[in-house]
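Visitor:
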Amino acid sequence: AKCYRYVWIRDASFICIAADILGLRKIPERFFEWCINRAERFQQENLFYENYHTNGTLAGTRLQIDQNGSILWALWHHFKDEKDKFSKFKVLAEKSASGICSIWKKDHFSLVINDLWEERLSFPDLRENFTYSLAFCSFGLKLAARLLPQNKNVNSWKLASREMKEQILKNSKEYFFRSFGKVNCYEIDTSLLALSWPCKIVKPLDRRMVKTVQLIEEKLGKDYKLKRYENDSYDGWVFQGMQRNKGSGFWPLLNFWISIYYAEAKNLEKAKKYYFKVLESLDSRYIPEQIFDNSLQVSVSPLGWAHAMFIIASEKLGYLRF
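166 is the number that my numbering gives to position 165 of the sequence shown; each next residue is one higher, with no gaps.
#1: If the criterion is Cβ atoms closer than 8 angstroms, does the pair T62 and E51 meet it?
#2: Mapping DSSP to helix, strand and coil, what is R209?
#3: Give the straight-line distance between the Cα atoms of F43 and G237, rounded to the nearest whole angstrom.
#4: In chain order, what residues of the same chain lie with their CB nearer than 7 angstroms to the CB of D386, ignoring the 5 residues before and after it?
#5: Could you spell out where the alpha helix (DSSP H) holding T55 opens and where it closes?
#6: Work out the CA separation of L149 and V155 for me, nearest whole Å.
#7: Helix, strand or coil: which one does DSSP assign to R128?
#8: What is the DSSP secondary structure of L25, reduced to helix, strand or coil?
#9: Alpha carbon to alpha carbon, what distance is there between L170 and L216?
#10: Hey, how far is the Cα of F181 from the Cα of R209?
#11: Among residues of its own chain, excluding the 5 on either side of S162, which ones have a beta-carbon nearer than 6 angstroms to its beta-carbon?
#12: Could you tell me the distance, in whole angstroms, from the CA atom of E281 to the CA atom of K273?
#13: Measuring alpha carbon to alpha carbon, tell me which of L127, K91, Y133 ends up nearest K328.
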């Protein structure tokens with residue numbers, strides 16, 4: 002894809018985790034500096050929006066609140082063993098956590114929220130929440146409290162984190178689903194893997210998580226090739242600036258995600274099947290957004306987030322040795 006030079010705080014946070022694994026310490030810190038100094042409106046609002054141009058100007062203006070949680074995870078992962086070096090970035094952690102809490106109203110957000118796939122919205126009058134977004138915000142606030150235990154707002158961060166987790170658990174059934182509120186969306190979405198890793202809302206073998214993964218595999222994982230959700234039409238295949246939307250392929254980053262899940266669940270056989278399915282399907286050294294079962298559809302490639310998930314999954318499976 003031409004000119005695909007956008008910055009998603011979410012994607013970049015996963016890339017920071019991968020860089021840490023590889024010992025590339027400068028990459029996350031340069032990104033943290035970019036967030037503080039470049040990300041448009043963050044200094045004023047403490048919120049991260051859809052995506053940005055590399056110079057920091059907004060490219061998309063919808064609010065994706067999970068990204069505030071994602072950056073807190075990246076900060077904690079980078080500085081958890083070097084808190085003496087964290088002082089320069091305290092402002093990023095404090096503002097990111099405060100941004101989440103500023104719009105959280107006990108059981109929903111006060112603003113319209115865009116989901117991680119940038120296709121759906123949750124509305125405050127319906128008290129709606131995306132399960133993925135809430136999980137990352139709860140997780141991020143918990144980590145912010147660990148990074149800044151003396152902060153004046155730490156108790157409100159902890160309270161909001163607990164409230165968010167309680168909402169997820171209270172509104173689940175025998176499995177977790179995409180969104181809930183006055184109107185529920187009971188559809189399965191592969192991003193729900195985040196509830197186990199990295200967000201630790203539940204353990205890998207929690208019965209609801211096991212059922213969720215079972216449904217993901219049954220509905221979205223034909224031949225160990227994971228898609229985002231049922232009837233996904235987005236393919237990233239563009240004609241004169243228009244999306245063709247002729248049906249999705251499978252997403253390598255999601256294969257790596259479920260591989261991480263199964264590694265954490267101590268099922269290495271399953272973990273490796275999903276992991277190697279991607280490697281067997283590549284036709285170059287670059288990992289694309291999607292892989293198709295035909296030669297006609299063309300995906301965005303390379304996708305930084307997919308490469309990051311490959312590194313994280315490789316580490317979880319013991320394939321990285323330093």
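Where is the CB? At the ideal position from N, CA and C, for every residue including glycine. Everything numeric in this text was worked out from a predicted model, so none of it was measured.
Guide: So, from the listed chains and residues:
#1: Yes. Within cutoff.
#2: If DSSP states are grouped into helix, strand and coil, R209 belongs with the helices.
#3: In a straight line, the C-alpha of F43 is about 29 angstroms away from that of G237.
#4: Examination of residue 386 is not possible in this model, given that the chain is present from 2 through 323 alone.
#5: Neither: T55 is in no alpha helix (DSSP H) and is coded neither H nor E.
#6: Cα to Cα, V155 sits roughly 7 angstroms from L149.
#7: The answer is coil: DSSP assigns R128 none of H, G, I, E or B.
#8: In the structure shown, L25 sits in coil (DSSP, three-state: anything other than H, G, I, E or B).
#9: Their Cα atoms are separated by approximately 18 angstroms.
#10: Rounded to the nearest whole angstrom, the C-alpha separation of F181 and R209 is 16 angstroms.
#11: Here the set comprises S139, L142, K143.
#12: Going by the C-alpha atoms only, they are around 12 angstroms apart.
#13: Within the shown structure, residues of the chain are numbered from 2 to 323, placing residue 328 beyond reach of any answer.
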